[in-house]
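First residue of the sequence shown: 2, per this note's numbering; consecutive thereafter. I have placed the structure first, in the form of structure tokens, so that the comments after it can refer back to it.
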Amino acid sequence: MSIPRLRSLTMASLLALAVPRATAGEVSVAVAANFSAPLEAIAAAFTVATGHRVLVSSGSTGMLYAQIRQGAPFELLLAADETTPLNLEQDGLAAPGTRRTFAVGRLVLWSARPGFVDERGDVLRGDGFTHLAIANPDLAPYGAAAVEVLAALGLTETVAPRLVTGQNVAQAFQFVGSGSAELGFISRSQVWRDGQLTSGSGWLVPARLHRPLRQDAVLLRRGESNAAARALLGFLADPAAVAIMTSFGYEQEP
2 MSIPRLRSLT MASLLALAVP RATAGEVSVA VAANFSAPLE AIAAAFTVAT GHRVLVSSGS
62 TGMLYAQIRQ GAPFELLLAA DETTPLNLEQ DGLAAPGTRR TFAVGRLVLW SARPGFVDER
122 GDVLRGDGFT HLAIANPDLA PYGAAAVEVL AALGLTETVA PRLVTGQNVA QAFQFVGSGS
182 AELGFISRSQ VWRDGQLTSG SGWLVPARLH RPLRQDAVLL RRGESNAAAR ALLGFLADPA
242 AVAIMTSFGY EQEP
């Protein structure tokens with residue numbers, strides 16, 4: 002191969018790589034607190050693949066819903082439930098036909114103390130803890146699921162005086178991690194990597210004890226004309242994104 006030909010191929014390759022970057026945009030995403038860490042990893046992979054930047058705002062699903070209704074400039078919502086994206090569709094604030102379940106979450110009863118939580122969650126029935134942290138059930142689907150679990154176990158009244166409520170599941174996790182609460186119902190993704198608990202002790206709550214934590218994404222009206230927003234929504238089904246979700250303990254619908 003001649004040197005001029007080699008140079009030609011090199012320039013062509015560089016131009017091919019530069020095209021996506023030159024046309025790259027950015028997308029503003031509102032994400033439920035339980036999914037903020039996985040989204041960071043997914044966003045990094047997405048940026049490498051497309052050049053698009055991802056701007057992330059995290060909070061409880063209910064709080065994000067309120068912000069969107071008040072005009073917050075989000076283009077894509079990754080909720081912790083199915084209901085909120087559906088409501089946004091009905092409100093005329095989401096693009097029709099774009100709503101989809103991207104992951105199914107799991108609830109964990111967790112303590113920062115190793116050996117404190119048993120394999121069946123019987124610690125909840127004892128007097129060995131003073132505080133149990135949950136996310137606000139009115140705003141956070143994981144908090145609502147925690148309330149359902151307590152009801153299913155017949156522990157609502159017994160545990161009620163010991164409940165400590167965070168604004169979202171991230172704050173509930175902080176309460177437990179800091180020692181402000183001995184126990185907490187949180188998302189498995191917060192303490193799970195590659196098939197095992199990362200710290201402390203936990204009980205994976207049987208899915209039958211609460212409504213499924215199906216998490217839906219939806220393209221918002223503000224993002225309808227944004228190619229980066231549509232690309233990220235599609236990227237959630239990419240094997241690379243699914244592998245990241247799986248590593249954080251999320252499941253996929255059959």
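Every residue, glycine too, gets a C-beta built ideally from N, C-alpha and C.
Cβ-based burial, residue i [other Cβ within 10 Å; buried from 16]
i      : result
Pro74  : exposed
Thr85  : buried
Pro39  : buried
Gly180 : exposed
Leu56  : exposed
Thr99  : buried
Ala23  : Its pLDDT being 46, under 50, Ala23 is placed unreliably by the model, and the measurement read from it follows with that caveat. Flag for Ala23 reads exposed.
Glu76  : buried
Arg189 : buried
Ser200 : exposed
DSSP-derived helix/strand/coil call for residue i
i      : result
Phe117 : coil
Leu210 : helix
Glu225 : coil
Leu125 : helix
Ala23  : With a pLDDT of only 46 at Ala23, under the threshold of 50, the placement of this residue in the model should not be trusted; the figure read from the coordinates follows. Here Ala23 sits in helix by DSSP.
Ser179 : helix
Arg189 : helix
Ser202 : strand
Met246 : helix
Phe174 : helix
Glu254 : coil
Ala232 : helix
Leu151 : helix
Arg100 : coil
Thr131 : coil
Gly144 : helix
Euclidean distance between Cα positions of residue i and residue j
i      : j      : result
Gly203 : Ser226 : 44 Å
Leu110 : Val192 : 10 Å
Ile43  : Gln71  : 28 Å
Arg54  : Val118 : 40 Å
Pro138 : Arg231 : 31 Å
Glu254 : Leu78  : 19 Å
Phe176 : Glu90  : 34 Å
Val165 : Ala136 : 8 Å
Leu133 : Leu108 : 14 Å
Val124 : Ser112 : 10 Å
Val148 : Ala25  : 43 Å
Pro126 : Leu221 : At residue 126 the sequence reads Arg, which differs from the Pro that was named. Looking at the two C-alpha atoms, the distance is approximately 43 Å.
Arg209 : Gly144 : 16 Å
Minimum C-alpha distance to residue i - residue among the options
i      : options                        : result
Arg215 : Leu133, Pro142, Gly60, Glu183  : Pro142
Leu237 : Leu140, Thr24, Val105, Ile69   : Val105
Thr131 : Gly185, Pro255, Ala241, Gly201 : Gly185
Asp128 : Leu156, Ile135, Ala171         : Leu156
Thr62  : Thr99, Asp82, Val206, Thr48    : Asp82
Arg1   : Pro97, Ser188, Phe47           : Any answer about residue 1 is impossible in this case: the structure gives the chain only from 2 up to 255.
Arg101 : Gly93, Leu94, Leu87            : Leu87
Ala50  : Leu233, Ala145, Gly116         : Leu233
Residue-level contact to chain C via CB, residue i, 9 Å cutoff
i     : result
Ala50 : Any reference to chain C falls outside this structure, which holds one protein chain only.
Worksheet item: Fully enclosed by the segment 29 to 93, which alpha helix (DSSP H) runs are 4 residues long or longer?
Response: Counting whole runs of 4 or more residues, the segment 29 to 93 contains the alpha helix (DSSP H) stretches 37 to 51, 62 to 70, 84 to 91.
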